[in-house]
Amino acid sequence: MTRPMAGPAQSRGYHMARRKLVYEGKAKILYEGPEPGTLVQYFKDDATAFNAEKKAVIDGKGVLNNRLSEFFMTGLAAIGIPTHFIRRLNMREQLIRQVEIVPLEVIVRNFAAGSMAKRLGMEEGTALPRPIVEFSYKDDALGDPLVPEEYVIAFGWASQQDMDDIVSLALRVNDWMSGVMFGVGIKLVDFKIEVGRVYENDFSRLILADEISPDSCRLWDIETGQKLDKDVFRRDLGNLTDAYTEVAKRLGVLPSNVTHTPTKPTLIN
Ligand code: UDP
0 MTRPMAGPAQ SRGYHMARRK LVYEGKAKIL YEGPEPGTLV QYFKDDATAF
50 NAEKKAVIDG KGVLNNRLSE FFMTGLAAIG IPTHFIRRLN MREQLIRQVE
100 IVPLEVIVRN FAAGSMAKRL GMEEGTALPR PIVEFSYKDD ALGDPLVPEE
150 YVIAFGWASQ QDMDDIVSLA LRVNDWMSGV MFGVGIKLVD FKIEVGRVYE
200 NDFSRLILAD EISPDSCRLW DIETGQKLDK DVFRRDLGNL TDAYTEVAKR
250 LGVLPSNVTH TPTKPTLIN
């Protein structure tokens, strides 16, 4: 596959030369935005799993996640969920609002899978009696441990009011996402979101931040059970880009460089 942009290392250098790097994570880089209170979020091709013990560069992943996250964030904004997304800038970058990240991974589960299935000895795919929201404390050195709400409030990571808002936001995201995915034959097994605080005059509120993509969701084909998410990489189940491309295709979201419409007849021998 030919790629229109330089590899991650080269493109990173190119971007760094142009503007100030604010933060580099495992799958994304944040740069200073054009205006105060904005950032540029750059999607890398890097994939990591098991707290970065397993690593790879997967051609095209960043382009797909940039598009898919745009699709999910704009759809959620359209039903009144506030998000950090402002607009997509190019194939790998989007302009976002700068937020103060709440140090939690907010996980919503509809079916048992992954760490929950393991912890409770449940078969993956078991339907849960209702969507379950849980929290992990964002700390790579500790391996993002699961924490009860009690810890979150006692340690001041968020207030009780914040937690109530986070749970209701997460459940609204779940309802919209589940419906949209169901419409294209995909089961939303679970997903992770992050929320951030923004300050407006004397008030602060919580908005959806980070990304929503097959990197942070479990997506199973309803008919075949085929995995169309990062488990393909975690568990060596095949080609990750193919899986994400399938999700993007079904949702009608595809990078513009993939579809090529010839403008004149092409001679085929
Ligand atoms: N997840 C994520 N980032 C993390 C941990 C989990 O995006 O650091 C997502 C993961 O892709 C899945 C959901 O959150 O969709 C639940 O993950 P789980 O707790 O089962 O952890 P895992 O099995 O991925 O270690």
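Taking numbering that gives the first Met the number 0, the leading residue of the sequence shown gets 0, the next gets one more, and so forth. Yeah, the Cβ is synthetic: ideal placement off N, Cα and C, and Gly gets one too.
*Report yes if the C-beta distance between isoleucine 28 and valine 98 is below 8 Å; otherwise report no.*
For the purposes of this step, residue 28 is taken as the residue at position 29 of the sequence shown. For the purposes of this step, residue 98 is taken as the residue at position 99 of the sequence shown. Contact check for isoleucine 28 against valine 98 fails: the beta carbons are separated by 8 Å or more.
*Contact check, glycine 182 vs asparagine 50 under 8 Å by CB: the rounded distance?*
Here residue 182 refers to the residue found at position 183 when the sequence shown is read from its first residue. Here residue 50 refers to the residue found at position 51 when the sequence shown is read from its first residue. Incorrect: roughly 34 Å between the Cβ atoms, too far for contact.
*Is the beta carbon of alanine 126 within less than 7 Å of some heavy atom of the ligand UDP?*
For the purposes of this step, residue 126 is identified with residue 127 of the sequence shown, where counting begins at 1. No.
*In or out: glutamate 52 buried (at least 16 other Cβ within 10 Å) or exposed?*
Locating residue 52 in the sequence shown gives position 53, counting from the first residue. When all chains shown are included, glutamate 52 counts as exposed.
*Exposed or buried, what is alanine 5 when buried is set at 16 or more other beta-carbons lying within 10 Å of its beta-carbon?*
By one-based count along the sequence shown, residue 5 stands at place 6. Here alanine 5 scores only 43 on pLDDT, less than 50, and its place in the model is too uncertain to base an answer on.
_Euclidean distance between Cα positions of aspartate 209 and glycine 120_ = In the sequence shown, counting from the first residue as 1, residue 209 sits at position 210. In the sequence shown, counting from the first residue as 1, residue 120 sits at position 121. So the alpha carbons of these two residues sit roughly 31 Å apart.
_Burial state of lysine 186, where buried means 16 or more other Cβ atoms lie within 10 Å_ = Walking along the sequence shown from the start, residue 186 turns up at place 187. Buried: at least 16 other Cβ atoms inside 10 Å.
_Can you list, in chain order, the residues of its chain with a C-beta nearer than 6 Å to that of arginine 11? Leave out the 5 residues immediately preceding and following it._
Looking up residue 11 in the sequence shown gives position 12. Bear in mind that the predicted position of arginine 11 carries a pLDDT of just 49, short of 50, making it too unreliable to give a figure here.
*Applying the criterion that 16 or more other CB atoms from any shown protein chain within 10 Å of the CB defines a buried residue, is lysine 248 buried or exposed?*
To locate residue 248, count along the sequence shown from 1; it is residue 249. Burial state of lysine 248 is exposed, judged by a 10 Å Cβ sphere holding fewer than 16 other Cβ atoms.
*Would you say arginine 234 touches the ligand UDP, meaning its beta carbon is less than 7 Å from a heavy atom?*
Your numbering for residue 234 matches position 235 in the sequence shown. No; taking the cut-off as 7 Å, the Cβ of arginine 234 has no heavy atom of the ligand UDP nearer than that.
*asked:* Taking only three categories from DSSP, how would you classify isoleucine 152?
replied: Residue 152 sits at position 153 when you count from the first residue of the sequence shown. Under the three-state reduction of DSSP, isoleucine 152 is assigned to helix.
*For the beta strand (DSSP E) that arginine 91 lies in, which residues bound it at each end?*
One-based indexing of the sequence shown puts residue 91 at position 92. Taken as a continuous stretch (DSSP letters only), arginine 91 belongs to no beta strand (DSSP E), as it is neither H nor E.
*asked:* Counting C-beta neighbours from all protein chains within 10 Å, is the total for aspartate 235 16 or more, i.e. buried, or is it exposed?
replied: Numbered from its first residue, the sequence shown carries residue 235 at position 236. When all chains shown are included, aspartate 235 counts as exposed.
*May I ask you to verify whether the region 75 to 85 touches the region 172 to 179, counting CB pairs closer than 8 Å and requiring at least 3?*
Short answer: they touch.
*Could you tell me which of Gly24, Phe154, Thr82, Gly113 sits nearest to glutamate 69, measuring between CA atoms?*
Translated into the one-based positions of the sequence shown, residue 69 becomes position 70. Checked all of Gly24, Phe154, Thr82, Gly113; the closest Cα to glutamate 69 is Thr82.
*DSSP three-state assignment for arginine 11, whether helix, strand or coil*: Along the sequence shown, one-based indexing puts residue 11 at 12. Residue placement at arginine 11 cannot be trusted, given a pLDDT of 49 that sits under 50; the coordinates are not used to answer.
*According to DSSP, residues forming a beta bridge with glutamate 199*: The residue given as residue 199 occupies position 200 in the sequence shown. In the DSSP assignment, the residues bridged to glutamate 199 are Phe202.
_For the region 185 to 199 against the region 218 to 235, do three or more pairs of beta-carbon atoms, one drawn from each stretch, fall closer than 8 Å, so that the two count as touching?_
A contact between stretches requires three or more CB pairs, one per stretch, nearer than 8 Å, and the region 185 to 199 meets this requirement with the region 218 to 235.
*Could you give the C-beta distance for valine 146 and serine 158, rounded to a whole number, given that I count them as a contact under 8 Å?*
On the sequence shown, position 147 is the one that residue 146 refers to. On the sequence shown, position 159 is the one that residue 158 refers to. With 8 Å as the limit, valine 146 and serine 158 do not qualify as a contact, their Cβ atoms being about 15 Å apart.
*Are the CB atoms of asparagine 65 and glutamate 92 nearer to each other than 8 Å?*
Taking the sequence shown and counting its residues from 1, the one referred to as residue 65 is at position 66. Taking the sequence shown and counting its residues from 1, the one referred to as residue 92 is at position 93. In this structure, asparagine 65 sits near glutamate 92, with a CB-CB distance shorter than 8 Å.
_Is serine 215 near the ligand UDP - that is, is its Cβ less than 7 Å away from at least one heavy atom of it?_
What you label residue 215 is simply residue 216 of the sequence shown in a count that begins at 1. It does: the Cβ of serine 215 is within 7 Å (strictly closer) of some heavy atom of the ligand UDP.
*Decide if leucine 168 is buried, meaning its Cβ has at least 16 other Cβ atoms within 10 Å, or exposed.*
In the sequence shown, residue 168 corresponds to position 169, counting from 1. By the 10 Å Cβ count, leucine 168 comes out buried.
*Report all residues from its chain with a CB closer than 8 Å to the CB of lysine 19; omit the five preceding and five following residues, and keep chain order.*
Walking along the sequence shown from the start, residue 19 turns up at place 20. Excluding positions up to five away in sequence, the list reads Tyr30, Glu31.
*Taking the C-alpha atoms as reference points, what is the distance between lysine 43 and methionine 90?*
In the sequence shown, residue 43 corresponds to position 44, counting from 1. In the sequence shown, residue 90 corresponds to position 91, counting from 1. Between lysine 43 and methionine 90, the C-alpha separation is close to 11 Å.
*asked:* So, at 6 Å on beta carbons, what are the nonlocal neighbours of aspartate 139 in its own chain, with the 5 sequence-adjacent residues on each side left out?
replied: Along the sequence shown, one-based indexing puts residue 139 at 140. Cβ neighbours of aspartate 139 within its own chain (closer than 6 Å, five residues either side excluded): none.
*asked:* Assuming leucine 75 is part of the beta strand (DSSP E), what are its boundary residues?
replied: In the sequence shown, counting from the first residue as 1, residue 75 sits at position 76. That residue, leucine 75, is in no beta strand (DSSP E); its alpha helix (DSSP H) goes 60 to 77.
*Beta-carbon proximity check, alanine 116 vs arginine 233, cutoff 8 Å*: Within the sequence shown, numbered from 1, the residue matching residue 116 stands at position 117. Within the sequence shown, numbered from 1, the residue matching residue 233 stands at position 234. 8 Å or more divides the Cβ of alanine 116 from the Cβ of arginine 233.
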